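Student:
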Amino acid sequence: MEDFEFLRHITLGQYLPGDSLVHRLDPRVKISVMLFMTVAITFNVSYLANIILLIVCLSFVLLSKIPLGYILSGVKPALPFIIVLAILQLLFYGDAFVPYGTESRTILRWGWVHVTSGSVQLVVVSTLRFLQLLFLASLLTNTTTISDLTSGMEAMLSPFSRVGLPGHELALVGAIALRFVPILAEQLEIIMKAQASRGADLGAKGRLRFIQTTRQMVALIVPLFIDAFRRAEDLILAMEARCYVGGRHRTKRVRFRFQRADYIAYVLVLLFSAAMVAFRNRMPF
Amino acid sequence: MDAGRPIIQVNDLHHRYLRGTPLEVVALKGVTMEIYEGEMVGIIGRSGAGKSTLVQHFNGLIRPRERGKVIVDGEDLADPDIDIRALRQKVGLVFQYPEQQLFERFVGDDIAFGPLKMGLPMEEVRERVREAMEMVGLDFGRFKDRYTFTLSGGEMRRAAIAGVLALRPKILILDESTSGVDPRSRKDLLGRIDALHRERGLTVIFVSSSMEDVAELVDRVYVIDDGRTVMSGTTREVFSRPEELIRYGLGVPQVTEIVHELARRGKIPFTTVVNVQEGKEVVWKILNSSAT
Amino acid sequence: MEQKGFTVRRIVIAGVLSAIAILLGATRLGFIPVPTAAGNATIMHVPAIIGGIMEGWVVGGIIGFIFGIFSFLQATIPLFKDPLVAIFPRIFIGITAYFTYVGLKRFNEYVALIVAAAVGTLTNTVLVLTMAVVRGYMAPGVALGVGITHGIPEIIVACILVVAVVAAWKRVETGRGRSKV
Ligand SMILES: Nc1ncnc2c1ncn2[C@@H]1O[C@H](COP(=O)(O)OP(=O)(O)O)[C@@H](O)[C@H]1O
Ligand SMILES: [Mg+2]
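Chains as they are written, first to last, in our numbering: chain A, 173 to 457; chain B, 25 to 316; chain C, 2 to 182.
(1) Secondary structure at ALA186(B), three-state DSSP: helix, strand or coil?
(2) Mind listing, in chain order, the continuous alpha helix (DSSP H) runs of no fewer than 4 residues lying wholly within the segment 233 to 303 of chain B?
(3) VAL390(A) to GLY339(A), Cα distance in whole Å?
(4) Note down, in chain order, every chain A residue with its Cβ under 7 Å from the Cβ of GLY138(B).
(5) Label ARG208(B) either buried or exposed according to how many other C-beta atoms from any shown protein chain fall within 10 Å of its C-beta, with 16 as the threshold for buried.
(6) Below 8 Å, can you find three or more Cβ-Cβ pairs linking the segment 61 to 73 of chain C to the segment 88 to 106 of chain C?
(7) Of the residues THR227(B), LEU191(B) and GLY54(B), which one's Cα is nearest the Cα of ASP97(B)?
(8) In chain order, what residues place their C-beta within less than 5 Å of a heavy atom belonging to ligand 1?
(9) Look at ALA437(A) and VAL205(A) and say whether their C-beta atoms are less than 8 Å apart.
(10) Using the C-alpha atoms, what's the distance from PHE7(C) back to ASP83(C)?
(11) Which runs of the alpha helix (DSSP H) spanning at least 4 residues fall entirely within the segment 131 to 160 of chain B, listed in chain order?
(12) Residues of chain B with a CB under 7 Å from the CB of ALA212(A): which are they?
(13) The beta strand (DSSP E) spanning TRP282(A) covers which residue range?
(14) How many angstroms separate the CA atom of GLU236(B) from the CA atom of GLY92(B)?
(15) Do we get a CB-CB distance below 8 Å when we pair SER192(A) with the residues of chain B?
(16) Against chain A, does PHE7(C) count as a neighbour if the rule is that its beta carbon must be under 8 Å from one of theirs?
(17) Which same chain residues, not among the five before or five after LEU198(B), have their C-beta less than 6 Å away from its C-beta?
(18) I want to check one thing, is the minimum distance from the CB of GLN120(B) to the heavy atoms of ligand 2 below 7 Å?
(19) In angstroms, rounded to a whole number, what distance separates the CA positions of PHE208(A) and MET448(A)?
(20) Suppose contacts are defined by Cβ-Cβ distances below 8 Å. Is ALA119(C) in contact with ILE156(C) by that definition?
(21) Would VAL149(B) count as contacting chain E if we go by Cβ distances under 8 Å?
(22) Taking the Cβ atom as the reference point for each residue, do VAL47(C) and ILE14(C) lie within a distance shorter than 8 Å?
(23) Grouping DSSP H, G and I as helix and E and B as strand, with all else coil, what is ILE203(A)?
(24) Under a Cβ-count criterion, where at least 16 other Cβ atoms within 10 Å of its own Cβ denotes burial, should ILE64(C) be classed as buried or exposed?
(25) With DSSP run on the structure shown, which of helix, strand or coil describes TYR99(C)?
(26) Who are the near neighbours of THR37(C) in its chain, counting only those whose CB is closer than 6 Å to its CB and skipping five residues on each side?
(27) Mind checking which residues open and close the alpha helix (DSSP H) that includes ASP97(B)?
(28) If you measure between the beta carbons of ASN35(B) and THR56(B), is that distance less than 8 Å?
(29) If you compare alpha carbons, which of ILE213(A), LEU308(A) and LEU262(A) is closest to VAL295(A)?
(30) Measure the beta-carbon distance from ALA98(C) to GLY53(C) and round it to whole angstroms, keeping in mind my assumption that it falls under 8 Å.
(31) For ASP199(B), is the beta carbon positioned less than 7 Å from some heavy atom of ligand 2?
(32) Taking contact to mean at least 3 C-beta pairs separated by less than 8 Å, is the segment 393 to 404 of chain A in contact with the segment 131 to 151 of chain B?
Here it is, written out as structure tokens:
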């Protein structure tokens with residue numbers, strides 16, 4: 173049976189109302205936390221560091237009171253793929269990865285199969301890293317409304333405008349993108365339902381599935397693009413009619429002010445991330 | 025209103041959107057109704073009541089997955105093995121915003137989409153397109169090569185309805201498809217649909233928020249509120265209960281209300297009129313009796 | 002003739018096309034089931050190509066960047082939960098597509114579109130897989146296999162889509178053409 177509920181698949185940018193500590197944080201703090209933690213996560217490969225990072229990310233989720241099951245449910249469809257990749261990584265990637273300061277010992281060698289302590293670590297660490305970032309991303313997108321996210325983004329990018337970089341414009345592009353995702357999702361649902369109502373056979377099965385679904389996909393996506401361009405033209409007209417010039421001289425709708433919790437969260441995460449990066453090669457295991 | 029056999033049966037239908045997410049919306053929580061072959065039936069209810077969700081069950085865009093049953097022309101829609109394309113050809117659905125329903129670039133192509141998907145030869149496709157366009161009052165030669173988005177609101181609605189009529193459905197569902205069109209154009213369009221119903225025996229399901237149109241056109245009405253069937257009966261029966269309708273965020277046609285008000289002021293016994301013609305007669309009667 | 006900098010038009014087009022990229026990534030629609038066991042090919046990079054072709058390399062680059070951030074935030078597999086794999090390579094999709102298109106446009110519009118689509122797609126495939134190997138998610142052999150089984154259908158579909166969308170939009174603007182019936 174086909175399923176037209178596109179919005180259900182867009183777990184990103186789905187704000188889940190709540191009143192947790194994390195919900196109340198300044199969006200700029202949340203974006204910064206995301207950036208700092210991402211850097212820390214990207215640079216750490218040891219078991220211990222990743223366990224610590226996972227615990228920290230998990231505690232963010234618990235603080236935000238977002239159901240853990242909801243975050244993990246998004247992963248379910250990709251699970252077989254994740255497992256296959258992990259197995260490939262484990263079996264055939266023995267020599268390539270030597271964690272800093274350790275010897276990579278061979279655990280198993282049999283034909284092409286070559287399992288080393290390095291490849292085991294690689295698989296475990298990339299799984300942990302995946303979970304950490306999954307939790308972090310949810311922290312940002314599920315506890316922050318789109319409008320807060322865009323205002324935060326703009327507030328953080330606008331200083332760049334002063335040195336001639338298009339910070340403000342970039343923020344505006346992001347804001348328009350976020351604004352249009354649900355609109356276009358709805359439009360997509362309508363196009364699909366309209367075609368199905370008139371006999372389009374969506375979700376066909378059989379041997380020529382690739383060809384068939386590609387044709388259907390083109391039939392769906394071309395009208396989607398055309399609709400998007402039309403909406404874009406309308407918006408361009410509206411913005412030009414109102415003499416939108418953008419940039420420095422515009423007054424902002426929202427001015428954020430840091431609360432005490434914001435300062436504390438910001439400083440703590442900054443110090444923690446810096447420490448994790450600084451000590452990345454000194455972890456005992 | 026010669027009630028034929030039931031062609032759509034809905035029993036205790038439930039539906040949730042975004043099921044299994046924290047954003048779940050319960051849209052239907054117990055709708056029951058029966059629609060007979062060849063009748064023209066109205067579905068009314070305030071915005072968000074669940075009307076669109078309900079009618080999307082009728083052509084299988086949404087399938088019953090939880091409680092409740094939908095049977096269309098003898099087929100149980102919960103059964104994954106039914107021929108869904110045949111069903112969708114039999115049950116034509118025109119959406120709430122028909123202008124969003126047009127997805128091809130040319131009007132002619134859009135209306136031809138259904139017949140082409142049915143694999144009909146070009147000659148027959150063209151014939152069907154011509155016929156469907158005439159039914160809704162669009163000139164074939166003048167409109168077929170027009171860009172869909174250059175049409176006016178009223179023309180878009182006509183084109184969307186034509187695209188569905190080209191499938192030659194047995195049941196036509198109009199989901200508020202005529203709202204927001206200028207009054208004259210709407211009257212013309214409704215007249216054409218009424219003619220299709222009377223002359224060809226098309227079963228029509230008319231979802232509307234205009235009490236006037238409903239009273240004018242349909243024989244029977246179902247009132248949906250908060251995902252449930254809350255009232256049903258002939259148009260006259262339903263409109264004779266204005267207090268209940270108001271509770272469900274609806275009202276009665278203006279002329280009905282005027283006659284009810286006259287009754288409340290003791291001028292006449294309580295009657296329910298459903299169109300201007302009947303209202304006129306009541307007023308004449310009062311004028312005549314006060315003249316004597 | 003080329004206008005410099007950020008016009009309102011460029012900002013809006015970049016935003017709207019980024020939205021399509023995000024949408025394609027968020028729904029299963031962005032994936033083409035390839036008739037191999039390797040999983041799915043993707044068309045999520047097509048908006049970046051189209052943006053680059055229509056509004057220049059800056060717009061193409063921005064769309065790729067935003068799409069990259071989202072594919073990073075939204076990834077359900079470890080490979081794309083790494084910003085160096087998910088974000089960095091995507092910036093170049095629209096840029097290479099734009100320069101290819103501009104270089105070939107004077108010969109033939111359609112050829113330019115097709116080659117630009119292919120180059121943009123290759124940019125995505127090659128850079129993502131290279132980063133995947135560099136970051137240790139895939140062995141080079143596996144990456145090559147994935148590159149071939151996914152790269153080829155991705156190129157084909159991207160070419161079809163780019164030509165269909167750009168041609169459709171240009172024809173809408175010029176207002177020519179006739180219906181089939
Ligand atoms: N695609 C959808 N996703 C989530 N919720 C929806 C969707 N469509 C409708 N709803 C919700 O379901 C309820 C019923 O909507 P609908 O059937 O459109 O009502 P009506 O047509 O009577 O106005 C509303 O609360 C609406 O917000
Ligand atoms: Mg509705």
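Cβ atoms here follow ideal geometry from the backbone N, Cα and C, with glycine treated the same way. On a predicted model such as this, the values are computed, not experimentally measured, just so you know.
Tutor: Straight from the coordinates:
(1) On the second sequence, position 162 is the one that residue 186(B) refers to. If DSSP states are grouped into helix, strand and coil, ALA186(B) belongs with the helices.
(2) 235 to 241, 259 to 263, 266 to 271 and 278 to 288
(3) Taking the first residue of the first sequence as 1, we reach residue 390(A) at position 218. Taking the first residue of the first sequence as 1, we reach residue 339(A) at position 167. Going by the C-alpha atoms only, they are around 35 Å apart.
(4) Numbered from its first residue, the second sequence carries residue 138(B) at position 114. Going along chain A in sequence order, the residues near GLY138(B) (Cβ under 7 Å) are ARG370 and GLY371.
(5) Position 184 of the second sequence, counted from the start, is the residue given in the question as residue 208(B). Per the 10 Å Cβ criterion, exposed.
(6) yes
(7) For the purposes of this step, residue 97(B) is identified with residue 73 of the second sequence, where counting begins at 1. If we check each option's Cα against that of ASP97(B), THR227(B) comes out closest.
(8) TYR41(B), VAL49(B), ALA51(B), SER71(B), GLY72(B), ALA73(B), GLY74(B), LYS75(B), SER76(B) and THR77(B)
(9) As a working mapping, residue 437(A) is identified with position 265 in the first sequence. As a working mapping, residue 205(A) is identified with position 33 in the first sequence. Yes, they are a contact pair.
(10) Along the third sequence, one-based indexing puts residue 83(C) at 82. Along the third sequence, one-based indexing puts residue 7(C) at 6. Their Cα atoms are separated by approximately 30 Å.
(11) 131 to 141 and 146 to 160
(12) The residue given as residue 212(A) occupies position 40 in the first sequence. Simply none; closest approach about 29 Å.
(13) By 1-based counting over the first sequence, the position of residue 282(A) is 110. Per DSSP, TRP282(A) belongs to the beta strand (DSSP E) from 278 to 282.
(14) One-based indexing of the second sequence puts residue 236(B) at position 212. One-based indexing of the second sequence puts residue 92(B) at position 68. Approximately 32 Å, taken between the alpha carbons.
(15) By one-based count along the first sequence, residue 192(A) stands at place 20. No - not a single Cβ of chain B is within 8 Å of the one on SER192(A).
(16) Locating residue 7(C) in the third sequence gives position 6, counting from the first residue. Judged by the 8 Å Cβ criterion, PHE7(C) is in contact with chain A.
(17) As a first step, residue 198(B) is located in the second sequence; it is residue number 174 there, counting from the start. Contacts found: VAL118 and PHE230.
(18) The residue labelled residue 120(B) in the question sits at position 96 within the second sequence. Within the cutoff, so yes.
(19) Along the first sequence, one-based indexing puts residue 208(A) at 36. Along the first sequence, one-based indexing puts residue 448(A) at 276. Roughly 10 Å between the two C-alpha positions.
(20) Residue numbering aside, residue 119(C) sits at position 118 when the third sequence is read from its first letter. Residue numbering aside, residue 156(C) sits at position 155 when the third sequence is read from its first letter. Yes; because the gap between Cβ atoms is below 8 Å, this pair is in contact.
(21) In the structure shown, chain E does not exist; the protein chains are A, B and C.
(22) Position 46 of the third sequence holds residue 47(C). Position 13 of the third sequence holds residue 14(C). The answer is no: Cβ separation not under 8 Å.
(23) Working through the first sequence from its first residue, we reach residue 203(A) at position 31. It is helical.
(24) Taking the third sequence and counting its residues from 1, the one referred to as residue 64(C) is at position 63. By the 10 Å Cβ count, ILE64(C) comes out buried.
(25) Your numbering for residue 99(C) matches position 98 in the third sequence. The answer is helix: DSSP assigns TYR99(C) an H, G or I state.
(26) If you number the third sequence from 1, residue 37(C) lands on position 36. Summary for THR37(C): the model assigns pLDDT 49, below 50, so the residue's position carries little reliability; its value from the coordinates is reported in the next sentence. Result list for THR37(C): THR150, in chain order.
(27) Within the second sequence, numbered from 1, the residue matching residue 97(B) stands at position 73. Premise fails: ASP97(B) is in no alpha helix (DSSP H) and is neither H nor E.
(28) For this step, residue 35(B) is matched to residue 11 along the second sequence. For this step, residue 56(B) is matched to residue 32 along the second sequence. Closer than 8 Å, so yes.
(29) Translated into the one-based positions of the first sequence, residue 295(A) becomes position 123. When only C-alpha atoms are compared, the closest one is LEU262(A).
(30) Here residue 98(C) corresponds to residue number 97 of the third sequence, with the count starting at 1. Here residue 53(C) corresponds to residue number 52 of the third sequence, with the count starting at 1. Their Cβ separation, rounded to whole angstroms, is 4 Å, which keeps ALA98(C) and GLY53(C) in contact under 8 Å.
(31) Residue numbering aside, residue 199(B) sits at position 175 when the second sequence is read from its first letter. Within the cutoff, so yes.
(32) no
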